[in-house]
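Undergrad:
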Amino acid sequence: MKPVAHPSFPPLSEQIAVFLGRLLTSPRTHHTYETGLRVFENFLNDRAKARQEKDASALPGTTLTLNSIDTNVLQDFYVWLGQNEYSRFSHKTYLAGVLAFLNYALGEDWLPPSFSLERARKKLKQVTRRGSYPIPRPDPALPRLIRYYDELETPEGDDEKARRKRLQILRSRAFVHLLYSSAGRLAEVAALNRKDVADGRRKEAIVTGKGDKERFIFITADARAAIAAYINQRKDAFEPLFISHARNYGKRLSHVMLWNTVKSAAKKLGMDVSPHDFRHFRARQMLEQGAPLEAIQEILGHSDIGTTRRVYAHYSKPSIRNIFERTTLSPEQAAEKINESEL
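Sequential numbering of the sequence shown, starting at -5, is according to the working numbering.
#1: In terms of alpha-carbon separation, which member of D64, R141, L89 lies closest to G76?
#2: Write down every uninterrupted run of the beta strand (DSSP E) in the segment 161 to 238 whose length is 3 residues or greater and which is fully enclosed by it, in chain order.
#3: Rounding to the nearest angstrom, what Cα-Cα distance links L118 and G101 in this structure?
#4: Can the beta-carbon of L252 be found closer than 8 Å to that of A184?
#5: May I ask you to list the residues that DSSP assigns as paired with R246?
#6: If you pair each beta-carbon of the segment 94 to 112 with each one of the segment 214 to 234, do three or more pairs fall below 8 Å?
#7: Do you know how far the Cα of F109 is from the Cα of A289?
#8: Tell me whether I10 sits in a helix, a strand or coil according to DSSP, three-state version.
#9: Hey, how far is the Cα of H249 from the Cα of K43?
#10: Should A135 go down as buried or exposed, given a rule of 16 or more other Cβ atoms within 10 Å for buried?
#11: Give the secondary structure of D144 by DSSP, where H, G and I count as helix, E and B as strand, and everything else as coil.
#12: Give the DSSP-derived three-state secondary structure of W104 in the structure shown.
#13: Using three-state DSSP, classify E154 as helix, strand or coil.
#14: So P149 and R160 are supposed to be a Cβ contact under 8 Å. How far apart are they, rounded?
#15: Of the choices G30, H239, V256, whose alpha-carbon is the least far from that of K155?
#16: Figure out for me which residue from D206, K207, G244 has the closest Cα to the Cα of N187.
#17: When you compare the CB positions of S175 and A217, do they come within less than 8 Å of one another, or not?
#18: Between which two residues does the alpha helix (DSSP H) holding Y72 run?
#19: Would you give the residue range spanned by the alpha helix (DSSP H) that D271 belongs to?
#20: A328: buried (16+ other C-beta within 10 angstroms of its C-beta) or exposed?
#21: For a test of the three-state rule: what should DSSP assign to S258, helix, strand or coil?
#22: Helix, strand or coil: which one does DSSP assign to F83?
#23: Are there 16 or more other CB atoms within 10 angstroms of the CB of A215, so buried, or fewer, so exposed?
#24: Tell me the rounded alpha-carbon separation between L14 and P5.
#25: On a Cα-Cα basis, can you pick out the residue from H171, R158, E208 that is closest to N242?
#26: Buried or exposed for D349, going by 16 or more other Cβ atoms inside 10 Å?
#27: By Cβ distance below 8 Å, which residues in the same chain neighbour T202 in space, the five residues on each side in sequence not counted?
#28: Using three-state DSSP, classify I293 as helix, strand or coil.
#29: Taking 8 Å as the threshold (C-beta atoms), are A177 and L323 in contact?
#30: Taking 7 Å as the limit between beta carbons, can you name the residues of its chain near V33, skipping five residues before and five after?
#31: Determine whether the Cβ of R113 lies closer than 8 Å to any Cβ atom of chain B.
#32: If you draw a straight line from the alpha carbon of E28 to that of G91, how long is it in whole angstroms?
#33: Assuming E35 and L68 are in contact, meaning their beta carbons sit under 8 Å apart, how far apart are those beta carbons, in whole angstroms?
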């Protein structure tokens, strides 16, 4: 049975629909606010999931409302946008939409008595004054999560239970390998079909990222082998690459289920890792190995290199330091160079 929101706090989606229906702006602004509020709902969903993990008593799947909104919401949304690599323009327009909605909600008495929009604005200013995004800090032990699935034993046997468990393990193994290999977003990897990867034979695939822009992702030998092993065991003709092997057999696996593939293994390993951390980890890894920011931009699918620089510039410092040390001459060496040039 679907959880019902508290009577005094209707579902957030309904309140957003009311707000948009009464919005007297240009069609372009209306569309921008609608997009921003949809992203805001995604943020609140992510925050609710994080709270459920910390609080075992929290009810999973509860309908989103403004009941638990607090004065950190705007600054947390700003940080979340940065962590998920939204552009500066998106920051500005999405926050404008959320602020307009909260102003309207305040007038309609939709907000809890403890919420202060003025304080929320002040907290937002504190974080925007810094002018930079928090540095992504993926767990350096993240590869252990891939090893976890690699080392899981696949059950033998032809009975339905053993076959289903075997397929689920092989699917998880292929997913984490592909997530690591491609440095792709969860949505991009989840949308792949078998033909996109040629059942594990292709070294690259085309994905559609933000703004409906297509780009290549690269598939390592380990990822190709994991995909091939999974597909070979499936013995079906279903089109999606990652499918359900339970009640909805053959249906494309949802983002939530793929998200849980990472989170469940992380929990068993005592780690805090999300699918997006794979992307941050790989960006950091490539930068530390000397890859230029322009290459990282292409691999990650950023439309603006400024995004790459803002989010990952910190990790390029070791490479810059190496270049500095390699190209810095001592005063004595510099003097010798001058003497040599005068000969």
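All C-beta atoms, glycine included, are put in the ideal place defined by N, C-alpha and C.
Here the structure is a predicted model, which means the values were calculated and not measured.
TA: Quick answer:
#1: The residue labelled residue 76 in the question sits at position 82 within the sequence shown. Measuring from the Cα of G76, the nearest candidate turns out to be L89.
#2: Counting whole runs of 3 or more residues, the segment 161 to 238 contains the beta strand (DSSP E) stretches 198 to 202, 208 to 212.
#3: In the sequence shown, the residue the question calls residue 118 occupies position 124. In the sequence shown, the residue the question calls residue 101 occupies position 107. So the alpha carbons of these two residues sit roughly 21 Å apart.
#4: Reading the sequence shown from its first residue, position 258 is the one you call residue 252. Reading the sequence shown from its first residue, position 190 is the one you call residue 184. Taking 8 Å as the Cβ cut-off, L252 and A184 qualify as a contacting pair.
#5: Within the sequence shown, the letter at position 252 stands for residue 246. R246 is bridged to I237.
#6: no
#7: The residue given as residue 289 occupies position 295 in the sequence shown. The residue given as residue 109 occupies position 115 in the sequence shown. Spanning the two alpha carbons is a distance of roughly 44 Å.
#8: For the purposes of this step, residue 10 is taken as residue 16 along the sequence shown, with counting starting at 1. Helix.
#9: If you number the sequence shown from 1, residue 249 lands on position 255. If you number the sequence shown from 1, residue 43 lands on position 49. Roughly 13 Å separates the two Cα atoms.
#10: In the sequence shown, counting from the first residue as 1, residue 135 sits at position 141. A135 is exposed by the Cβ-count criterion.
#11: In the sequence shown, residue 144 corresponds to position 150, counting from 1. In this structure, DSSP gives D144 a helical state, which the three-state scheme calls helix.
#12: Residue 104 sits at position 110 when you count from the first residue of the sequence shown. It is coil, neither helix nor strand.
#13: Translated into the one-based positions of the sequence shown, residue 154 becomes position 160. Here E154 sits in helix by DSSP.
#14: On the sequence shown, residue 149 is found 155 positions in, with the first residue counted as 1. On the sequence shown, residue 160 is found 166 positions in, with the first residue counted as 1. Yes, P149 and R160 are in contact; Cβ-Cβ is about 6 Å, under 8 Å.
#15: Taking the sequence shown and counting its residues from 1, the one referred to as residue 155 is at position 161. Measuring C-alpha to C-alpha distances from K155 to each of G30, H239, V256 identifies H239 as the nearest.
#16: On the sequence shown, residue 187 is found 193 positions in, with the first residue counted as 1. Of D206, K207, G244, the residue nearest in Cα terms is G244.
#17: For the purposes of this step, residue 175 is taken as residue 181 along the sequence shown, with counting starting at 1. For the purposes of this step, residue 217 is taken as residue 223 along the sequence shown, with counting starting at 1. Contact: yes.
#18: Start at 1 with the first residue of the sequence shown, and residue 72 comes out as number 78. Segment 67 to 77, the alpha helix (DSSP H) holding Y72.
#19: Position 277 of the sequence shown holds residue 271. Here the alpha helix (DSSP H) through D271 covers 269 to 282.
#20: For this step, residue 328 is matched to residue 334 along the sequence shown. A328 should be labelled exposed.
#21: Walking along the sequence shown from the start, residue 258 turns up at place 264. Helix, per DSSP.
#22: Position 89 of the sequence shown, counted from the first residue, corresponds to residue 83. Helix.
#23: Residue 215 sits at position 221 when you count from the first residue of the sequence shown. Counting Cβ neighbours within 10 Å, A215 comes out exposed, since fewer than 16 surround it.
#24: What you label residue 14 is simply residue 20 of the sequence shown in a count that begins at 1. What you label residue 5 is simply residue 11 of the sequence shown in a count that begins at 1. Between L14 and P5, the C-alpha separation is close to 15 Å.
#25: Counted from its first residue, the sequence shown places residue 242 at position 248. Among H171, R158, E208, the Cα nearest to that of N242 belongs to R158.
#26: Lying before the first or after the last residue shown, residue 349 is absent from the chain, which here runs from -5 to 337.
#27: Here residue 202 corresponds to residue number 208 of the sequence shown, with the count starting at 1. Excluding positions up to five away in sequence, the list reads E182, A185, E208.
#28: Here residue 293 refers to the residue found at position 299 when the sequence shown is read from its first residue. Note: I293 maps to helix in three-state DSSP.
#29: Taking the sequence shown and counting its residues from 1, the one referred to as residue 323 is at position 329. Taking the sequence shown and counting its residues from 1, the one referred to as residue 177 is at position 183. No, the pair does not count as a contact, with Cβ atoms beyond the cut-off.
#30: The residue given as residue 33 occupies position 39 in the sequence shown. Y88, listed in sequence order.
#31: The structure shown contains no chain B; it is built from a single protein chain.
#32: Residue numbering aside, residue 28 sits at position 34 when the sequence shown is read from its first letter. Residue numbering aside, residue 91 sits at position 97 when the sequence shown is read from its first letter. The straight-line gap from Cα to Cα measures roughly 8 Å.
#33: Taking the first residue of the sequence shown as position 1, residue 35 is located at position 41. Taking the first residue of the sequence shown as position 1, residue 68 is located at position 74. With a Cβ gap of about 15 Å, E35 and L68 do not count as contacting.
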